[in-house]
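Sequential numbering of the sequence shown, starting at 27, is according to my numbering. Built from N, CA and C at the ideal position, the CB exists for glycine as well. Bear in mind that the values here come from a model prediction, so they are computed numbers and not experimental data. Single-structure report; data block below.
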Amino acid sequence: MELNGVEIEDTFCEGFGSNFARIIITAINEKWAKIAGQIATGYGTSTIHCDAEAAIDVILPSDKTPDKRPGVAVMFFVGDKKQVGNVVMNRLGQCVLTCPTTACFDGMNKSLDPSKEFEIKIGDNLRYFGDGFEEKIEGTTNWKVPVMDGEFVCQGTAKVGKGVAGGNFLIIGKDQASCLAAAEASIEAMKNVEDVIAAFPGGIARSGSKVGSKYSFLGASTNDAYCPTLRTKSDRTVLKEGDNCVYEVILDGATEEAIKKAMKLGIEAAVKVPGVNRISAGNYEGKLGKFLYKLHELGLE
């Protein structure tokens, strides 16, 4: 299969289930909402070592937020169901409560199975920072906590749902510049798709990994099959002559539909950039997760 003259390999990506919370952060303007969102989701690229895979989902205009102020939706994906509450509360407490003018609300839209959603405490715990001066806002579950620029408003609880982590595609290019431009175009194309995040820096991963390592203390190591400098050194290589750069776009989403929509838009944008040799995807022969997305079945056009 070819798209805009670029080969789309007949393969699939492989995702697995993960728990997630979606939180809306608002502020006096978009600048401060984005700052709070970026800080709260920092160090959130991979649960191999981070406590969450986290990133800004979408920018929200004031008519789309609970308090009618500019905002962002952020998503936190956590493998261990028992840890979601602590992870989200700690990040909100350290990074949003502390940020000028912000407020926090539950932002759950959809999940794989609404019947399995549960709640975690956010404002119901963060309110204690008010040292007895905190107050429940009448007719709501929201708390207002006195802070030095006024009040921090936070919803009492937030929902946690089951989503998909690990959707991905690989952009294989002739050089670093064109491959990076294609990956950037992919991220730009999917930036308004709700309920999906690309948690790596700028949404792009250069350090694709494989399971295992020659070093016993590591559970994952560099994916030598896609490292251009190892094309003549590794017997696992799948790169061809002229394949001199590979970037991976890794996606987490609330639903399968969100993952597939983002993949479709991202791939369609990438192949329009000159210098892309082909598009592939990372999988573990279907052994890692139950969510398999075939590139040829995404409706690419």
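Per DSSP, the continuous beta strand (DSSP E) segment holding V104 begins and ends at G97 to V104. The count of Cβ pairs closer than 8 angstroms, one atom from the region 289 to 296 and one from the region 109 to 117, stays below three, leaving the stretches out of contact. Here Y241 is exposed. Its C-beta has fewer than 16 other C-beta atoms within 10 Å. Distances from the alpha-carbon of L318 to those of I305, V237, F102 and E282 put E282 closest. Annotation for I61: C125 place their beta carbon closer than 7 angstroms to its own, counting only its chain and skipping 5 residues before and after.
Per DSSP, D278 is one residue of the beta strand (DSSP E) stretching across C271 to G279. Within the same chain, and ignoring the five residues on either side of I82 in sequence, the residues whose Cβ sits closer than 6 angstroms to its Cβ are G63, V98 and V100. The residue from K90, K286, H322 and Y154 with its alpha-carbon nearest to that of G133 is K90. Residue nearest to Y154 within the set P172, P140 and S137 is P172 (criterion: CA-CA distance).
Shown here, P92 sits in coil according to DSSP, grouped into three states, outside any helix or strand.
Scanning its chain for C-beta atoms nearer than 7 angstroms, with the 5 sequence neighbours on each side dropped, one finds around E35 the residues R304, I305, S306 and L321, in chain order. In this structure, L277 sits near G193, with a CB-CB distance shorter than 8 angstroms.
Inter-residue distance for A184 and T167 is about 10 angstroms (C-alpha atoms, whole angstroms). With contacts defined by Cβ atoms closer than 8 angstroms, C130 and I65 do not form a contacting pair.
Secondary structure at D83: strand, using DSSP grouped into helix, strand and coil.
When A224, D261, L29 and L326 are compared, the shortest CA-CA separation from S72 is found for A224. Around the Cβ of Y69, a 10 Å sphere holds fewer than 16 other Cβ atoms; the residue is exposed. Here F38 is buried, its C-beta having at least 16 other C-beta atoms within 10 Å. Under the three-state reduction of DSSP, S137 is assigned to coil, being neither helix nor strand. Remark: C-beta atoms of N30 and P96 do not approach each other more closely than 8 angstroms.
The closest CA to that of E274, considering only K217, S137 and L206, is found on L206. Between A251 and S260, the gap from beta carbon to beta carbon is short of 8 angstroms.
Under DSSP, the beta-bridge partners assigned to C39 are Y319. In this structure, DSSP gives C180 an extended state, which the three-state scheme calls strand.
E79 is classed as buried because its beta carbon has at least 16 other beta carbons within 10 Å across all chains shown.
Taken in chain order, the complete beta strand (DSSP E) segments of 3 residues or longer contained in the region 143 to 211 are 144 to 147, 168 to 173, 176 to 181 and 183 to 199.
Cβ neighbours of I213 within its own chain (closer than 8 angstroms, five residues either side excluded): A224, G228, G229, I230, V275 and G292. Counting the other CB atoms within 10 Å of its CB gives M174 a total below 16, which places it among the exposed residues. Taking the Cα of E143 as reference, the smallest distance to any Cα among N45, G41 and T67 is reached at N45. In this chain, the beta strand (DSSP E) harbouring E33 covers V32 to I34. Boundaries for V219: no beta strand (DSSP E) harbours it, and the DSSP string shows neither H nor E there.
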